[in-house]
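Colleague: The structure that follows is given in the form of structure tokens.
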Amino acid sequence: MGTAGTGTDAMAGERRQLINVAYRLLGSLAESEDAVQEAYARWYALPRSRQDEIVSPGAWLTTVTSRICLDVLGSARARRERYVGAWLPEPLPDHAEWDHGHGTDPADQMVLDESVTMAFLVVLESMTPAERVAFVLHDVFRYPFAEIAGILGRTPAACKQLAASGRRRVRGARAPVTAAGQADAVRHVKEAWETKDIAALVDLLDPAAVMTADGGGMVGTVLRPIEGGARIAQYMVTIADKAPGLELLERSVNGVPGLVARHAGAVTTVASFDVADGRVTRIWAVRNPEKLRPWVRDGGPVRPIM
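Here the sequence shown is numbered in our numbering, starting from 66 and rising by one per residue.
Take a look at the structure:
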């Protein structure tokens, strides 16, 4: 794995891969950046003689980054218990439509595929740290179990079982609809939301739909998931009533169609959707300003509306 050689260009070239691995393991751009920075710091702290002994610096960096992420995941439970309200992964913009102007931004380094959709990341959150590392490294990045074993400190056979357990969790999740089908559903929700048409929203939402919002205690939002299409529709209209002039934009969120809400030119919410049989089954609304930083450059400042 990785690029042989210890030159500066070769080492810098590994950054994109490391950011992609770390984000899928942690669901946080900020924590991923910290993990990658720490891995590079450990590399440059090695004596040159030790660096020269390492055949693949890229593989070494991936191993160290994964171990750091494993430690972060291990402490995440305690941190989540202190988090105000629900915790959701950080949403990712598509840099092709949401111009950052900075190619080195972590969000610009991300490969947007099915392994970073909000629905997929939420399933990853249900895994144990060891399951998540084994599953992501093997099933997403095709790392052999022999290498994963060195990261987790377990046998290859045990790592294979961990990945299989993670795989069962993913298979238990609802299969995603096509991008076109998702885009149609999101567009209809946008139109009904803009017109505050509760009846239309109820028709677009599955009766058992669930909406989860993440404000991180920094902005006003529901602290627990809202269950039921009718209740979600009423809540969405209430938000629109409290923010006259709310602007809704159809944008890619983690690689699939979603919505971005702006008020007075400021990004306030990034919403992801899960759709089945033409109806929205899940909505994940990220409102924590710290998680919306990658969306600022196109949309201006992040500002709460409630």
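Built from N, CA and C at the ideal position, the CB exists for glycine as well.
1. By the three-class DSSP mapping on this structure, what secondary structure does Ile84 have?
2. Pick from Gly330, His203, Ala141: whose alpha carbon is nearest that of Ser191?
3. Buried or exposed: which applies to Gly282, given that a residue is buried once 16 or more other Cβ atoms fall within 10 Å of its Cβ?
4. Using 8 Å as the threshold, is the stretch 143-156 in touch with the stretch 350-357, meaning 3 or more CB pairs across them?
5. For the beta strand (DSSP E) that Pro396 lies in, which residues bound it at each end?
6. Tell me whether the stretch 338-352 and the stretch 309-317 touch, counting them as touching only if at least three CB pairs, one residue from each stretch, are closer than 8 Å.
7. Report the rounded CA-to-CA distance for Leu302 versus Val284, giving the unit in angstroms.
8. Since Ile297 and Ile263 are thought to touch, with beta carbons under 8 Å apart, how far apart are those beta carbons, to the nearest angstrom?
9. Considering just the uninterrupted stretch of the beta strand (DSSP E) at Ser121, what are its terminal residues?
10. Below 8 Å on the Cβ atoms is my contact criterion, and I expect Gly293 with Ala274 to pass it. Report the Cβ-Cβ distance as a whole number of Å.
11. What's the C-alpha gap between Arg115 and Cys134?
12. Leaving out five residues before and five after Arg232 in sequence, what residues of the same chain have Cβ atoms less than 7 Å from its Cβ?
13. Is the closest heavy atom of the ligand NAP to the C-beta of Val176 under 7 Å?
14. For Val345 and Asp268, what's the separation of their Cα atoms in angstroms?
15. In chain order, what residues of the same chain lie with their CB nearer than 8 Å to the CB of Glu196, ignoring the 5 residues before and after it?
16. Bridge partners of Ser216, per DSSP?
17. Taking the beta carbon of Tyr148 as the centre, do at least 16 other beta carbons fall within 10 Å, making it buried, or is it exposed?
18. What is the rounded straight-line gap between the Cα of Glu118 and the Cα of Arg107?
19. Report yes if the CB atom of Gly280 is closer than 8 Å to the CB atom of Gly78, and no otherwise.
20. Phe338 lies in the beta strand (DSSP E); which residues open and close that run?
21. Taking the straight line between their C-alpha atoms, what separation do you get for Leu202 and Ala238?
22. Within 10 angstroms of its Cβ, does Pro112 collect 16 or more other Cβ (buried), or is it exposed?
23. Name the residue from Val188, Met183, Thr182, Ile216 whose alpha carbon lies nearest to the alpha carbon of Val198.
24. Could you check how far apart the C-beta atoms of Pro171 and Val251 are, in whole angstroms? I think they sit under 8 Å.
25. So the candidates are Ala124, Ile213, Ala278, Gly139; which of them puts its Cα closest to the Cα of Met183?
26. The beta strand (DSSP E) with Trp152 in it runs from where to where?
27. Return no unless some Cβ of chain B is closer than 8 Å to the Cβ of Ala151.
Modeller: Judging by the given coordinates:
1. helix
2. Ala141
3. exposed
4. yes
5. With the chain covering 66 to 371 only, the question about residue 396 has no answer from this structure.
6. no
7. This sequence places Val at residue 302; Leu is not what is there. Cα-Cα distance, rounded: 18 Å.
8. About 10 Å separates the two Cβ atoms, so there is no contact after all.
9. Neither: Ser121 is in no beta strand (DSSP E) and is coded neither H nor E.
10. 7 Å
11. 23 Å
12. Phe200, Asp204
13. In the structure on display, the ligand NAP does not appear, and there are no ligands present to speak of.
14. 10 Å
15. Leu227, Ala228, Ser230, Gly231, Arg234
16. The sequence given here has Ile at residue 216, not Ser. None; Ile216 has no bridge partner.
17. exposed
18. 15 Å
19. no
20. 331-341
21. 20 Å
22. exposed
23. Ile216
24. Pro171 to Val251, Cβ: 25 Å. No contact.
25. Ala278
26. Run containing Trp152: none; DSSP gives neither H nor E here.
27. Structure shown: chain B not included; a single protein chain is present.
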